[in-house]
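Our numbering numbers the first residue of the sequence shown as 3 and each following residue consecutively.
Ideal Cβ positions, reconstructed from N, Cα and C, are used throughout, including at glycine.
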Amino acid sequence: MKTVYEKSAGLTDVPLHYCPGCTHGIIHKLVAESLVELGVLGRAIAVAPVGCAVFAYDYFNCDAQEAAHGRAPAVATGIKRVHPDAIVFTYQGDGDLASIGMAEIVHAAMRGENLTVIFVNNAIYGMTGGQMAPTTLVGQRTTTSPLGRSRSGQGAPLRICEMLATIEATAYVARVSVHTVPRLTAAKRAIKKAFQLQMDNKGFSLVEVLSTCPTNWGLSPVEALRWVEQTMIPVYPLGVYKDLEGGT
Numbered sequence: 003m004k005t006v007y008e009k010s011a012g013l014t015d016v017p018l019h020y021c022p023g024c025t026h027g028i029i030h031k032l033v034a035e036s037l038v039e040l041g042v043l044g045r046a047i048a049v050a051p052v053g054c055a056v057f058a059y060d061y062f063n064c065d066a067q068e069a070a071h072g073r074a075p076a077v078a079t080g081i082k083r084v085h086p087d088a089i090v091f092t093y094q095g096d097g098d099l100a101s102i103g104m105a106e107i108v109h110a111a112m113r114g115e116n117l118t119v120i121f122v123n124n125a126i127y128g129m130t131g132g133q134m135a136p137t138t139l140v141g142q143r144t145t146t147s148p149l150g151r152s153r154s155g156q157g158a159p160l161r162i163c164e165m166l167a168t169i170e171a172t173a174y175v176a177r178v179s180v181h182t183v184p185r186l187t188a189a190k191r192a193i194k195k196a197f198q199l200q201m202d203n204k205g206f207s208l209v210e211v212l213s214t215c216p217t218n219w220g221l222s223p224v225e226a227l228r229w230v231e232q233t234m235i236p237v238y239p240l241g242v243y244k245d246l247e248g249g250t
């Protein structure tokens, strides 16, 4: 029988621990396929965060290093400087990157570290019980904002791509989503480009991926995909925010 599809060699056979309907697994697949297609899986080093993706090192079929909460860009910087020929990437959630790790991500971008950052934005703290995150939408209810996030009380959602695109040393900043098949294709193209830029020594790149969290959103998996389309994307528009080479 002819094989028409098989699991990427960039992933291990360890079963994923993510909740039903969570799109972390899809994002893992896109990252793994990109590394394989670019021929760099054997020299890739992942830096896993604290958060829902805390066990990412079990899933990517490459070397990996765990980092303290928010410190993945700092750890990745050290690894890349010691192993400049390695393809180093961080895989971080919004609570990890945009809250406790804000200083690390901003300064890694400011220094133009030759890294690739995969930033998963599901607008909530997932692993720790559904608390409000810097990316939580105005009016969105969480365990720590049961009446909904208030613009006057907690401010507007933090838009990482828009902010990092203003930093001189960033090479590539893009926001994508994985809620439909066409968006999956665009997401993989952006992730692959971010890795290619690292291979070409172009500097810091970040791909933000809008992701679902059905469990903490209180929605079914199908409803969660619709919520990304109807509610998240108007607040977090998709697109390339900076590209030193031009194009997508």
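Query	Result
T250, DSSP secondary structure in three states	With a pLDDT of 48 at T250, under the threshold of 50, the modelled position of this residue cannot be trusted, and the question is left open.
Distance, K4 Cα to Y243 Cα	41 Å
CB of G12 within 8 Å of CB of A34, strictly	yes
Proximity of I107 and L99 at Cβ, strictly below 8 Å	yes
Proximity below 8 Å, CB of T92 to CB of I120	yes
Exposure label - T250; buried when at least 16 CB within 10 Å	A caution first: T250 carries a pLDDT of 48, below 50, which makes its placement in the model unreliable, though a value can still be read off. The residue in question, T250, is exposed, as its Cβ has fewer than 16 Cβ neighbours within 10 Å.
D65 - DSSP class collapsed to helix/strand/coil	strand
Buried versus exposed, by CB contacts within 10 Å (16 or more), H181	buried
CA nearest to the CA of V209, picked from Y20, D202, A188 and H71	A188
Assigned secondary structure, A197 (DSSP; H/G/I helix, E/B strand, else coil)	For the record, residue 197 in the displayed sequence is Phe; it is not Ala. In the structure shown, F197 sits in a helix (DSSP, three-state: H, G or I).
Candidates L246, S179, G157 and A173, of which the one nearest P236 by Cα	S179
Where A70 sits in the DSSP three-state scheme	coil
Sequence ranges, alpha helix (DSSP H) only - wholly within the region 91-130, length at least 4	104-113
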